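Each residue of the sequence shown is one higher than the one before, counting from 35 in the working numbering. Ideal Cβ positions, reconstructed from N, Cα and C, are used throughout, including at glycine. Note that the coordinates shown come from a computational prediction; the quantities given were computed from them, not determined experimentally.
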Amino acid sequence: MTIETGPIAQLQQQAIETPEQFWGQAASAIDWDSQWTALLDDQAAPLYRWFAGASLNTCYNAVDRHVENGRAEQVAIYYDSPVTGSAYAITYQELQHKVATLAGALQAQGVVAGDRVVIYMPMVPETVFAMLACARIGAVHSVVFGGFAAAELATRIDDAKPKLVLSASCGIEPGRVVPYKPLLDSALELAEHPVQGCLVLQRPECEAALQAGRDWDWYQVQQGVAPAPCVSVAATDPLYILYTSGTTGIPKGVVRDNGGHAVALAWSMKAIYDIDPGDVFWAASDVGWVVGHSYIVYGPLLVGASTVLYEGKPVGTPDPGAFWRVIEQYKVKSFFTAPTAIRAIKREDPNTEFLARYDLSSLTALFLAGERCDPDTLNWSADTLKVPVIDHWWQTETGWAICANLMGVAPLPVKAGSPALAVPGYQVSVLDEAGEPVAAGESGAIAIKLPLPPGTLPTLWQNDERFVQAYLSRYPGYYLTGDAGYQDEEGYLYIMSRIDDIINVAGHRLSTGRFEEVLATHPAVAEVAVIGVADKLKGQVPLGLVVLKSGVSLTEEALYQELIALVRQEIGPVAAFKLVSVVSKLPKTRSGKILRGTMRKMADRQEYAVPATIEDPDTLDLVQSALNRLGYGHAGATG
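What follows is the structure in C-alpha cells.
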C-alpha cells in the first residue's frame with residue numbers, strides 16, 4: 035500500500051468528496067443541544083459556516099460531561115510552576131466547581147452571552163478558569179498575553195469592546211516579577227472604550243492596589259455567588275477572539291466559533307496526537323497564543339485527557355532538564371513545544387547530561403510547531419529522545435494543524451524539514467503568481483482551497499471585509515497562508531519561509547529557510563536566522579546571524595569561512611553568501627518566532643516599530659552591533 039492509496043489518502047478523499055459524512059461522524063464526539071440544519075452553510079461564500087443551526091456549550095463538553103460520565107476524580111489540570119515553587123492537580127470535579135463559581139461572578143457583574151471579556155493574565159489555573167467561565171455563559175473571551183505593552187492592550191480593548199477585564203497583579207519570569215496592574219491601568223487610560231470593571235487575581239509576589247469602584251478582588255467577588263449553569267449557544271456563535279499581528283499595524287481579531295472548534299479539536303487529539311481519555315498531554319506554550327487555547331485548554335479537556343499547565347521556561351527554571359522533569363513527573367504521553375525551545379535546551383545541554391537524569395518512558399512522541407523546524411533540530415531530538423519527532427504546521431488563523439503526521443491514524447515516514455501531508459479537510463496547493471499550481475519540487479505561495487475545514491477562522495472580529503482582503507483576495511477560491519514552500523512527489527509539504535522571505539539574488543529566487551537549513555548543520559551552530567538585505571549589484575543578498583552552542587572554541591573568522599563554504603557547497607555560488615556574524619541571542623516573540631522582518635528593516639536602514647510581542651528588546655541592540663560589523667545599519671525604531 036502506498037501513501038497515495040493508504041488510510042490517510044482515504045480520509046483526505048472522504049473529507050473532500052463527502053464532508054457531510056466525514057465531519058458529521060467527527061461531530062458525534064461532541065454533545066449537542068440541537069442538531070444542525072446545514073453541516074456546511076455556503077450561502078454567504080466565501081464566508082462559510084459549519085454546523086449552522088446547531089447549538090451546544092463548549093464548557094459543558096470540556097468539563098461537565100466528564101464529571102457526569104465517570105471522570106469526576108480524574109486530574110484535569112496539572113499545574114506546575116517552578117518560578118513560584120508551587121505545583122498541584124485539579125480534578126474535573128474541582129474544575130467544574132471553580133469554573134461555575136467564576137461564571138456566576140461574571141453574571142453577577144452583568145456579563146451575558148455575546149459580551150466580550152478580555153483576559154490579561156499569567157500561566158496560572160485561574161486563567162483557564164476564566165476562559166472556561168466565559169464559554170460557560172456564552173461570553174466571548176479574548177486572551178491577551180500577560181505583560182503585553184499598555185498601548186497594545188488598549189488597541190485590543192478598543193477592538194473587542196469588553197465589558198470586563200480579568201487580570202492578575204503580576205506575572206513571574208525567571209529572576210524577576212512583572213507587575214501587570216500598572217500596565218492594565220495605563221491601557222485603560224489609553225483606550226477609548228470604557229470598561230465596566232476589572233477582576234484582579236492578587237499574587238503574593240506582588241500585590242496590586244485596586245481602584246475603588248472599578249476593580250474587584252478575584253476571590254472576594256466570588257463569595258456567596260451561585261454557580262452558573264451552562265448556557266446553550268449557536269454553533270456559529272464566537273467562542274473567542276485572538277489577536278494576531280496585522281501588516282497595517284492594527285491587530286487582526288481572529289474569530290473562533292463554538293461548534294466547528296469543538297469538533298475539529300476533539301478529532302485532532304486522537305488523529306494527530308494519539309491522545310485518548312485519561313492520557314496526559316502537555317503543550318509547553320502559553321494561553322496567550324493559539325497553541326495554549328487549542329492544546330493547553332480546549333483540546334485535551336474536550337476529550338477527557340489531563341493537561342499540563344506549566345509556568346516556566348525550557349532552560350533556567352532551574353536548568354535545561356526542566357522539560358524532562360515535567361514529562362517524568364506527570365507521565366506525559368505526547369509533548370508539544372516549539373523548535374526554539376528544543377534549540378535552547380540543545381545549546382545549554384549539548385551532551386544531554388540533564389536529560390539523562392530522567393525517565394521518559396511514558397513519552398511516545400514529540401510534536402514541534404510554531405515556526406519552521408530545521409532538520410538538524412528534528413534529527414537531534416529524535417536521536418536524543420528515541421521517539422518519533424513530528425513537525426506539524428498550522429497558524430493562529432487555522433487553530434489546528436494544516437499539515438501533520440497523523441500519529442493516531444497511520445503514522446507515515448518522517449521526512450526532516452517537512453510537516454508531512456495535508457490533514458484531512460485541508461486542500462493544500464502551491465501556486466505561482468498567476469494562481470496556477472506548480473510542479474512537484476517547485477516553490478510557490480502555499481494556499482488552501484475553500485472552504486476551510488471546521489475549527490478555522492470564519493472571519494475577523496466584526497470585519498468581514500478585512501478578512502476577505504487579507505486572506506481570500508489574492509487567489510479567488512483559496513485562503514492565502516502567507517507561507518512559501520513546495521511539495522515533493524509524494525505530497526509532503528516543505529515550508530521554507532514567509533512569502534516575503536523569498537529573496538531575489540541577481541534574478542534567482544531563493545528561500546531564506548534553505549540557507550538556515552544549511553547553516554544549522556554546522557556543529558558549532560545552535561540557532562540561525564537569515565534575512566535578505568538590499569544590494570546595489572544583485573538586488574538582494576543573504577545575511578546570516580548565528581548563535582553558537584556552549585563551549586565552541588572555533589575562532590569567528592574560521593567559523594565564518596566554514597559557514598560560507600558550507601552554503602557554497604550546498605546551495606551554490608549563486609547564493610552569493612558572504613555576510614555572516616555571531617550574536618549571543620536572536621530577537622524573538624514570546625512564542626519563539628524570530629523577528630526576521632524587523633531585522634530586515636534594520637539592515638536596510640528603514641524605520642521599524644519594536645514589536646509588542648518581543649521577548650527581550652535588548653536583543654535588537656545585539657543585532658544592530660552585528661549589522662554594524664557587516665556594514666549595515668538602520669534608521670531607528672519608531673516606538
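Close-in-space but distant-in-sequence residues of the same chain around residue i (CB under 6 Å, 5 per side omitted)
i, result
"G673", "Any reading at G673 must be qualified, since the residue scores a pLDDT of 47, below 50, and its modelled position is unreliable; the value itself is stated next. For G673, where only same-chain residues beyond five positions count, the Cβ hits under 6 Å are A643."
"F163", "K132, V133 and L136"
"A375", "P348"
"L514", "A481, Y505 and R508"
"N91", "C264 and S266"
"G338", "H100, R105 and P311"
"T601", "The amino acid at residue 601 is misidentified as Thr; the sequence shows Val. Cβ within range, chain order: V552, A609 and F611."
"T432", "T490"
"D192", "A225, E226 and H227"
Extent of the continuous beta strand (DSSP E) run through residue i
i, result
"R290", "K286 to D291"
"T125", "S120 to T125"
"Q574", "G573 to L582"
"E102", "Run containing E102: none; DSSP gives neither H nor E here."
"N538", "I536 to V539"
"D75", "A72 to D75"
"D114", "V109 to S115"
"I171", "Here I171 belongs to no beta strand (DSSP E); instead the alpha helix (DSSP H) covers P159 to I171."
"K483", "G478 to K483"
"L613", "L613 to V616"
"W316", "V314 to A317"
Other residues of its chain near residue i: CB distance less than 7 Å, five sequence neighbours each side excluded
i, result
"L656", "V617, S618 and K619"
"G451", "P409, Y528 and E551"
"A185", "L224"
"A560", "R377, K380, R381, V581, L582 and K583"
"E160", "L235 and W252"
"A300", "A63, I64, L336 and V337"
CB-CB length for residue i against residue j, believed under 8 Å
i, j, result
"M165", "L235", "At roughly 14 Å, the Cβ-Cβ gap does not stay under 8 Å, so M165 and L235 are not in contact."
"V423", "L402", "7 Å"
"A142", "V259", "6 Å"
"A456", "L446", "Contact flag wrong, Cβ pair sits at about 12 Å."
"V289", "L494", "6 Å"
"S89", "S120", "In fact, because the Cβ distance is near 39 Å, the residues do not count as touching under 8 Å."
Opening and closing residue of the alpha helix (DSSP H) in which residue i lies
i, result
"A185", "A184 to A194"
"T418", "P409 to L419"
"W84", "W84 -> not in any alpha helix (DSSP H); beta strand (DSSP E) instead, spanning R83 to A86."
"Y594", "E590 to E604"
"T270", "Element bounds for T270: n/a, residue is neither H nor E."
"F56", "P53 to A60"
"F501", "D498 to F501"
Bridge partner(s) assigned by DSSP for residue i
i, result
"A456", "C437"
"P471", "L465"
"Q521", "L527"
"G205", "V212"
"T135", "Partner(s): none; T135 has no beta bridge."
"I424", "F401"
"L276", "V288"
"T623", "I648"
"S176", "V152"
"Y512", "K483"
"R532", "D517"
"V199", "V152 and C232"
Beta-carbon proximity list for residue i, same chain, < 8 Å, skipping 5 on both sides
i, result
"S396", "V314, I361, E362, K365, V366 and K367"
"A660", "L579, S615, V616 and V617"
"Q55", "Q48"
"E241", "S203"
"P196", "D149, R150, V151, V152, S176, H227 and V229"
"Q256", "T135, L136, G138 and A139"
"F357", "A318, P348, F369, T371, A375 and I379"
"G626", "A372, P373, T374, A375, G404 and E405"
"V146", "I171, G172 and A173"
"A243", "K215"
Proximity test, residue i beta-carbon vs the ligand NAP heavy atom, cut-off 8 Å
i, result
"S618", "With respect to the ligand NAP, the structure offers nothing, as it holds no ligand at all."
Below-9 Å beta-carbon distance, residue i vs any chain D residue
i, result
"L400", "Within the model displayed, chain D is absent; a lone protein chain is all it includes."
Whole beta strand (DSSP E) runs in the region 328 to 380 with 3 or more residues, listed along the chain?
The region 328 to 380 contains these whole beta strand (DSSP E) runs: 340 to 344 and 368 to 371.
My parser needs the alpha helix (DSSP H) runs of 4 or more residues fully inside the region 222 to 264; what are they?
For the region 222 to 264, not a single whole alpha helix (DSSP H) run of length 4 or above is found.
Whole beta strand (DSSP E) elements within the region 541 to 573, 3-residue minimum
542 to 545 and 559 to 569
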